[in-house]
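Residue numbers (our numbering), protein chains in the order written: chain A, 2 to 209; chain B, 4 to 753; chain C, 11 to 236.
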């Protein structure tokens with residue numbers, strides 16, 4: 002009994018440590034070239050940018066294609082309120098959607114362009130005013146999108162030009178507060194619409 | 004361990020793993036408000052100027068949004084910036100016509116280099132230890148000002164020295180103006196491959212102290228003596244563009260090209276005829292061709308004009324340069340000399356080019372003058388298909404404050420000698436991008452000399468061997484973050500001033516050196532009273548003086564196009580200098596260092612495609628770029644002829660010791676068919692002791708073997724005049740890395 | 011629409027500007043000296059070198075080689091997941107998310123233009139700020155190769171469609187073609203007989219690389235005339 006316990010405990014230890022990401026992504030990449038010089042001058046960094054995920058958990062989520070439907074944002078922006086004021090999606094906050102691939106997320110500067118004077122007594126407006134004064138911006142968390150390894154290169158502009166409504170893919174965000182992943186945007190969802198509307202459906206249309 | 008500590012351990016390691024960043028964890032991000040309005044995903048193009056070499060190519064910079072890591076008020080976070088993503092050539096720029104060389108493509112890595120100096124630094128350890136502390140800009144400037152004030156108070160203004168690279172630009176003119184106003188000698192320029200011999204020859208032959216421009220698109224026959232004009236010499240992108248047109252740009256007409264050299268360069272590989280020649284005898288060959296042309300009445304001798312008059316024996320028919328004598332001296336067969344001469348004369352327009360190793364011999368000036376005389380004879384000077392001189396903008400007339408030249412300064416070797424014997428020691432040295440500790444011969448003892456200078460300030464963006472001796476570092480912006488400009492001395496038939504505003508905001512706390520000098524000039528106890536508030540004001544004044552070429556005013560248009568180009572009125576052009584009263588030059592045998600018995604092989608260090616003289620070795624794309632002649636990456640090597648290698652018992656990849664009178668080095672061998680049996684060649688660029696993580700301690704520096712032989716007339720370093728001996732010391736040890744394409748995963752590693 | 015390229019070897023001077031331009035455009039990571047010595051450097055376009063003869067009668071010829079986007083590509087039938095396949099407009103597509111890294115495609119390719127990502131690429135910050143947002147970052151375990159700058163093809167065709175006009179000849183330039191000082195690389199539509207690439211491809215100097223393998227490359231090489 003004690004012998005099995007020891008061996009078993011050791012195996013568990015190794016397995017759990019690995020899974021807990023204690024060794025992180027590096028264990029899977031023995032040969033990541035490390036920066037040569039350890040001698041850094043003031044202001045220099047040894048940081049590295051890589052496609053590796055920061056944790057094993059993140060990698061697992063990406064592999065299984067799991068996205069949370071409800072994402073907690075650093076700031077609870079109410080779409081409902083603004084849509085109710087007849088501000089269109091693309092007017093201020095998601096402007097680049099008809100020009101290029103990315104719709105864009107607003108900076109606190111965008112909010113302040115109205116809220117310098119509008120509803121300035123509300124607590125959340127005071128919060129963003131203070132952020133603006135401190136030079137801090139929203140660190141929005143991504144709601145819509147795909148894991149990097151899906152290599153989806155979605156381009157908004159042709160869809161806007163084809164008069165696809167924002168709500169088709171994003172759901173009725175106008176009736177929500179913070180955006181939620183309302184539509185299950187699987188590849189099938191995209192391909193079905195492409196086939197219906199006679200848009201190209203070869204791999205290279207989206208994955209390149 | 005027991006269960007409790009086990010759980011604690013996994014909890015801790017799990018959490019720390021969650022926060023550890025191999026990438027960007029989304030949990031703890033702080034974002035700062037961007038300083039600019041940028042639309043994500045949309046590219047805009049901005050003009051730019053590449054300043055990595057003196058060509059001054061025009062750039063189209065592709066800008067897009069990126070997330071930069073910054074620290075603000077002690078907090079680390081992200082901020083959206085407008086970032087340069089890709090550099091392209093400007094389509095209409097008269098130098099590069101839309102093309103951009105490999106080095107220009109890699110130039111974007113300068114801005115984003117991880118080892119860039121990000122803020123002013125003050126030395127904290129001993130000199131040379133490269134230990135620095137951060138200081139504020141106010142303190143740094145105050146320090147420099149106080150040093151200059153102290154010098155001025157003691158009446159020692161002449162003890163201020165400024166060491167820079169060869170560049171023609173408003174910046175260089177501003178530096179000279181600053182020095183003149185302060186009372187110091189003019190800037191000293193040092194570069195390993197600087198072509199001053201050719202400039203002097205052109206000044207003597209044509210009154211133009213500048214590098215030549217070749218109208219290749221219209222040439223029918225090009226004869227190049229040693230110039231790597233498609234790779235690394237003069238204005239390669241412009242010449243490459245012209246070459247393409249020379250070959251296939253005219254229906255039914257294909258220009259021919261002959262290269263004369265002892266080691267096949269990337270350029271020479273493209274020649275229709277490749278003519279090996281004995282080192283230092285290229286001038287004799289040029290005059291041999293002239294002899295045949297004149298003797299055969301293919302051109303009148305009087306066509307030699309001013310350039311011909313500089314050659315001893317020209318007027319009497321160059322009797323000592325008959326083909327048989329030329330064969331004896333140069334090794335080129337007499338019949339070949341005759342044939343080449345006839346081709347040159349008959350396939351008109353023809354033009355001769357000379358540059359690189361032939362001019363880096365003790366008789367380099369003679370060689371350059373001989374080729375100039377040949378061009379004159381052919382009628383190729385300032386005629387379509389021939390050799391031109393880019394009209395030079397006279398800055399004294401476009402920016403009035405720039406008039407008044409600083410007193411000429413000595414060349415670097417004389418300055419080093421003056422320091423070492425104590426006769427003339429600069430008290431303050433300002434370094435602006437030159438790296439003589441790496442690129443000057445050991446015999447000049449530059450490092451030793453610099454260590455005797457009490458105070459050294461560097462404006463460089465990187466810590467290289469020379470900057471590592473500095474006491475104060477005031478890092479400049481990269482060329483994408485500030486006014487980038489150049490006044491190309493060659494590469495364009497029309498006058499051109501490349502100038503572009505900053506493409507992006509500075510990434511770090513750097514400051515433009517031009518503005519810094521103007522600021523310092525104002526803060527001195529005796530202000531210099533330079534008439535410009537900042538560098539932009541100087542550029543505006545100068546460029547606005549140039550004639551308009553469209554409906555917009557010159558300055559507005561220049562900022563949009565990335566420069567000004569067009570016809571320069573005489574009042575704004577530097578005129579040609581009249582012929583000097585000077586005795587003609589005769590051929591002198593080249594003098595080599597090292598007797599032929601002990602050192603049987605000529606040693607040729609050459610500008611590498613990737614790094615030129617080594618100033619670009621810090622860019623990782625260039626380290627990984629396979630060398631066009633050898634496919635080597637991240638390496639040094641020496642090229643040896645197969646017969647010579649066999650005689651020495653050396654095989655491909657073996658390690659050899661190369662010895663000159665100055666010292667030894669060890670490197671790997673590449674056996675190459677394209678090199679004469681009595682020559683070995685090694686690319687310059689590697690062998691940095693200190694030059695960022697990518698270049699430090701990598702490879703070998705051929706300059707360490709160079710003897711301080713100088714060109715007889717100009718005193719320029721004759722870097723091709725050293726002889727060496729090569730001995731095998733070992734088997735391949737893996738230091739030589741080749742990109743072998745198909746066999747890249749086979750045993751071919753060395 | 012059938013994309014193709016013509017490479018004029020009489021213009022090419024071996025400067026390798028195309029090699030670095032491709033790295034800059036396509037987010038090709040620098041692998042470093044150690045990995046490069048193990049043959050893992052990824053040069054989607056390379057300058058090949060052919061020596062002929064012996065000193066002093068020695069010649070050297072350059073040839074830039076990139077993915078030939080073969081009509082009859084040997085890399086396509088061997089891919090078990092359809093990651094490597096041929097598109098209707100003549101490209102050999104490499105779909106990274108389908109790729110499971112069997113490397114049969116690289117094995118089959120006679121031009122040796124396919125590269126495997128042996129490890130997750132990394133960039134020493136802030137070099138990553140240079141990365142092109144229009145191009146995927148490839149992770150460990152996938153094959154990559156020249157795409158004829160498909161991101162540029164897509165962007166320009168979408169823009170042309172938005173402006174309700176056809177794509178002009180010469181409007182799309184892969185990074186290599188744009189950088190080349192001698193303008194040796196010409197890209198365009200082989201289905202348009204008047205396009206520059208079509209006219210060059212009909213040249214008497216034209217030939218295909220390893221033509222006898224039957225791969226039917228979309229790249230025509232115009233031989234050097236000396």
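Glycine included, every Cβ here is placed at the ideal spot set by N, Cα and C.
Give the residues from the segment 85–119 of chain A that approach chain B closer than 9 Å (Cβ to any Cβ), ordered along the chain. 96, 97, 100, 101, 102, 103, 104, 105, 106, 108, 109 and 110
Measuring straight from C-alpha to C-alpha, what distance separates residue 237 of chain B and residue 493 of chain B? In the second chain, residue 237 of chain B corresponds to position 234, counting from 1. In the second chain, residue 493 of chain B corresponds to position 490, counting from 1. Taking the straight line joining both Cα atoms gives about 7 Å.
Inside the segment 58–124 of chain B only - beta strand (DSSP E) runs reaching at least 3 residues: 61–75 and 78–92
Closest to residue 562 of chain B by C-alpha separation, out of B:62, B:386, B:250 and B:653, would be which residue? Translated into the one-based positions of the second chain, residue 562 of chain B becomes position 559. Considering only alpha carbons, the answer is B:62.
According to a CB-to-CB cut-off of less than 8 Å, which residues of the segment 487–513 of chain B neighbour chain C? 510
In terms of residue numbering, what span does the beta strand (DSSP E) encompassing residue 609 of chain B cover? For this step, residue 609 of chain B is matched to residue 606 along the second chain. Here the beta strand (DSSP E) through residue 609 of chain B covers 604–609.
List the residues of chain B that residue 139 of chain A touches, going by C-beta distances under 9 Å, in chain order. The residue you call residue 139 of chain A lines up with position 138 of the first chain. Those are 34, listed as they occur along chain B.
Just how far apart, CA to CA, sit residue 160 of chain C and residue 742 of chain B? Stepping through the third chain from its first residue, residue 160 of chain C is reached at position 150. Stepping through the second chain from its first residue, residue 742 of chain B is reached at position 739. Taking the straight line from one Cα to the other gives about 25 Å.
6 Å CB neighbourhood of residue 67 of chain B in its chain, flanking five on each side removed: In the second chain, residue 67 of chain B corresponds to position 64, counting from 1. Closer than 6 Å at the Cβ level, and outside the excluded window around residue 67 of chain B, lie 46 and 88.
Residue 97 of chain B versus B:611, B:523 and B:245, residue with shortest Cα-Cα distance: On the second chain, position 94 is the one that residue 97 of chain B refers to. With distances taken between Cα atoms, residue 97 of chain B lies closest to B:245.
For residue 518 of chain B, does the count of other Cβ atoms within 10 angstroms reach 16, so buried, or fall short, so exposed? Walking along the second chain from the start, residue 518 of chain B turns up at place 515. When all chains shown are included, residue 518 of chain B counts as buried.
Measure the C-alpha to C-alpha separation of residue 128 of chain B and residue 114 of chain B and round it to an integer number of angstroms. Along the second chain, one-based indexing puts residue 128 of chain B at 125. Along the second chain, one-based indexing puts residue 114 of chain B at 111. Looking at the two C-alpha atoms, the distance is approximately 27 Å.
Top-ranked residue by Cα proximity to residue 41 of chain B, from B:81, B:336, B:53 and B:86: As a position in the second chain, residue 41 of chain B is number 38, starting the count at 1. Ranking B:81, B:336, B:53 and B:86 by Cα distance to residue 41 of chain B puts B:86 first.
In the structure shown, what three-state DSSP assignment does residue 650 of chain B receive? Position 647 of the second chain holds residue 650 of chain B. Helix.
Entirely enclosed alpha helix (DSSP H) segments - the segment 38–95 of chain A, minimum 4 residues: 57–65 and 80–85
Among B:184, B:634 and B:628, whose alpha-carbon lies nearest the alpha-carbon of residue 524 of chain B? As a working mapping, residue 524 of chain B is identified with position 521 in the second chain. Nearest option by C-alpha distance: B:184.
Quick one: what's got a C-beta closer than 6 Å to residue 281 of chain B's C-beta in the same chain, skipping five residues either side? Start at 1 with the first residue of the second chain, and residue 281 of chain B comes out as number 278. Only 333 and 334 meet the Cβ criterion.
According to DSSP, is residue 342 of chain B helix, strand or coil? Residue mapping note: residue 342 of chain B aligns to position 339 of the second chain, counting from 1. Residue state, collapsed to three classes: helix.
When burial is assigned at 16 or more other CB atoms within 10 Å of the CB, is residue 221 of chain B buried or exposed? What you label residue 221 of chain B is simply residue 218 of the second chain in a count that begins at 1. Buried is the call here.
Alpha carbon of residue 364 of chain B to alpha carbon of residue 202 of chain B, nearest angstrom: Indexing the second chain from 1 puts residue 364 of chain B at position 361. Indexing the second chain from 1 puts residue 202 of chain B at position 199. Roughly 15 Å separates the two Cα atoms.
Would residue 65 of chain C and residue 273 of chain B qualify as a contact pair, given that the criterion is a beta-carbon distance under 8 Å? On the third chain, residue 65 of chain C is found 55 positions in, with the first residue counted as 1. On the second chain, residue 273 of chain B is found 270 positions in, with the first residue counted as 1. Not in contact: residue 65 of chain C and residue 273 of chain B (Cβ atoms no closer than 8 Å).
Within this structure, are the beta carbons of residue 130 of chain C and residue 105 of chain C separated by less than 8 Å? Position 120 of the third chain, counted from the first residue, corresponds to residue 130 of chain C. Position 95 of the third chain, counted from the first residue, corresponds to residue 105 of chain C. Contact: no.
Closest to residue 114 of chain C by CA distance: which of C:86, C:226, C:147 and C:57 is it? Here residue 114 of chain C refers to the residue found at position 104 of the third chain. Checking every option, the nearest Cα to that of residue 114 of chain C belongs to C:86.
Three-state secondary structure assigned by DSSP to residue 120 of chain C: Counted from its first residue, the third chain places residue 120 of chain C at position 110. Looking at residue 120 of chain C - three-state DSSP - the assignment turns out to be coil, as it is neither helix nor strand.
For residue 638 of chain B versus residue 738 of chain B, is the C-beta distance shorter than 8 Å? What you label residue 638 of chain B is simply residue 635 of the second chain in a count that begins at 1. What you label residue 738 of chain B is simply residue 735 of the second chain in a count that begins at 1. The answer is yes: Cβ separation under 8 Å.
Nearest-angstrom Cα separation, counted from residue 684 of chain B out to residue 607 of chain B: Position 604 of the second chain, counting from 1, holds the residue named residue 607 of chain B. Position 681 of the second chain, counting from 1, holds the residue named residue 684 of chain B. Using only the alpha carbons, I get a separation of about 4 Å.
Between residue 443 of chain B and residue 377 of chain B, how many whole angstroms is the CB-CB distance? I'm expecting something under 8 Å. Numbered from its first residue, the second chain carries residue 443 of chain B at position 440. Numbered from its first residue, the second chain carries residue 377 of chain B at position 374. Contact flag wrong, Cβ pair sits at about 32 Å.
Which of the three DSSP states is assigned to residue 686 of chain B in this structure? Along the second chain, read from residue 1 onward, the residue named residue 686 of chain B stands at position 683. Strand at residue 686 of chain B.
With DSSP as the reference, label residue 740 of chain B as helix, strand or coil. Your numbering for residue 740 of chain B matches position 737 in the second chain. The answer is strand: DSSP assigns residue 740 of chain B an E or B state.
At 4 residues or longer, what runs of the alpha helix (DSSP H) sit wholly inside the segment 192–254 of chain B? 199–209 and 239–251
Under the three-state reduction of DSSP, which class applies to residue 138 of chain A: helix, strand or coil? Against the first chain, residue 138 of chain A aligns to sequence position 137. Three-state result, residue 138 of chain A: strand.
Against chain C, which members of the segment 190–204 of chain A pass a CB distance test of less than 9 Å? 201, 203 and 204
Please list, in chain order, the residues of the segment 56–88 of chain C that have any C-beta partner in chain B closer than 9 Å. 56, 57, 58, 59, 61, 62, 63, 64, 65, 66, 67, 68, 69, 70, 71, 72 and 75
Beta-carbon proximity of residue 187 of chain B to residue 168 of chain B, cut-off 8 Å: Start at 1 with the first residue of the second chain, and residue 187 of chain B comes out as number 184. Start at 1 with the first residue of the second chain, and residue 168 of chain B comes out as number 165. No, the Cβ-Cβ distance between residue 187 of chain B and residue 168 of chain B is not below 8 Å.
What residue range is occupied by the uninterrupted alpha helix (DSSP H) comprising residue 169 of chain C? Walking along the third chain from the start, residue 169 of chain C turns up at place 159. Segment 160–172, the alpha helix (DSSP H) holding residue 169 of chain C.
Run through chain C and tell me which residues come within less than 8 Å of residue 67 of chain A, C-beta to C-beta. As a first step, residue 67 of chain A is located in the first chain; it is residue number 66 there, counting from the start. None at all; the shortest Cβ gap to chain C is about 16 Å.
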